[in-house]
Structures are given as structure tokens and as C-alpha cells.
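>
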Amino acid sequence: MGSVNFITHADVLQLIAKRTAEDCIIFLSGPTSRKTPLSLLRVKDVIAVNGSVQYLLNNNVKPFLYLLTDVRFLHHRREDFYKFSSNSQFTIVNLDVYEQASADD
Numbered sequence: 007m008g009s010v011n012f013i014t015h016a017d018v019l020q021l022i023a024k025r026t027a028e029d030c031i032i033f034l035s036g037p038t039s040r041k042t043p044l045s046l047l048r049v050k051d052v053i054a055v056n057g058s059v060q061y062l063l064n065n066n067v068k069p070f071l072y073l074l075t076d077v078r079f080l081h082h083r084r085e086d087f088y089k090f091s092s093n094s095q096f097t098i099v100n101l102d103v104y105e106q107a108s109a110d111d
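Here my numbering = 1-based position in the sequence shown + 6.
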């Protein structure tokens with residue numbers, strides 16, 4: 007995945023500056039997530055984790071931040087990772103996933 011770039015204080019300030027709402031929704035893959043009204047997801051900044059992005063994209067909700075935390079997701083759904091990352095405003099990959107990614111990633 008190239009060189010490691012750790013999140014700095016300046017990066018956090020950039021995220022804060024780019025936000026569009028005072029608060030955010032952390033969107034996971036569980037069944038209760040789908041009970042969140044789409045109207046709410048469309049007006050809040052959404053942090054989507056692993057595969058939860060698919061539901062958002064299917065419903066025309068662009069994630070503010072895509073967070074990849076599960077290396078199994080990268081290994082088994084690599085193309086989805088690329089799709090989800092390219093359709094989110096920001097992407098963060100945790101260090102465990104990064105360290106297990108291939109050089110091609």
C-alpha cells in the first residue's frame with residue numbers, strides 16, 4: 007500500500023474543516039444500521055466502516071470517511087475496497103490492515 011502516512015493533528019483539523027454537519031453518524035454493517043433514515047444519512051457526515059459502504063452507495067449516500075479496520079475485508083473484497091475508497095471523501099486504513107496488505111495494494 008505504499009508508504010505509511012500516520013494521521014497528524016493537521017490532518018484532523020483538515021477533516022474538521024471539511025465537515026458539513028455539526029455531528030456525524032458512524033455507520034456499521036449490522037441490521038439496525040439499515041433502520042437509520044436515509045434522510046438523516048444524507049444530511050450528516052457519515053463515517054462508514056468496512057462493508058457498510060455498499061448500503062450507503064446503493065442509496066446515493068456518499069460517505070464522508072471510509073474506515074477499513076478488517077484485513078479479511080481487504081483480502082476477500084479487494085475490488086469493493088477500491089470502489090468504496092474512491093466513492094468516499096476520505097479513507098483511513100488502520101495499521102493492522104496496512105501491514106498485512108500486499109505491495110500492489
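In this text, a Cβ means the ideal position worked out from N, Cα and C, and glycines have one as well.
(1) By how many angstroms is the C-alpha of I31 removed from the C-alpha of N11?
(2) Buried or exposed for V18, going by 16 or more other Cβ atoms inside 10 Å?
(3) Could you tell me if Y88 is buried or exposed, where buried requires 16 or more neighbouring beta carbons within 10 angstroms of its beta carbon?
(4) Quick one, are the C-beta atoms of N136 and T38 less than 8 Å apart?
(5) Between V52 and F33, which are expected to be in contact by the criterion C-beta below 8 Å, what is the C-beta distance as a whole number of angstroms?
(6) Would S94 and L71 qualify as a contact pair, given that the criterion is a beta-carbon distance under 8 Å?
(7) Relative to the alpha-carbon of G42, which residue among L21, V67, D102, A23 has its alpha-carbon at the smallest distance?
(8) To the nearest angstrom, report how far apart L21 and N100 are at their CA atoms.
(9) Measure from the alpha carbon of G36 to the alpha carbon of each residue in F96, A109, Q60, then state which is nearest.
(10) K24 to F96, Cα distance in whole Å?
Short version:
(1) 25 Å
(2) exposed
(3) exposed
(4) The displayed coordinates of the chain run from 7 to 111. Any statement about residue 136 would go beyond what the structure contains.
(5) 5 Å
(6) yes
(7) Sequence check: residue 42 is Thr here, not Gly. That would be V67, whose Cα lies nearest to the Cα of T42.
(8) 17 Å
(9) Q60
(10) 10 Å
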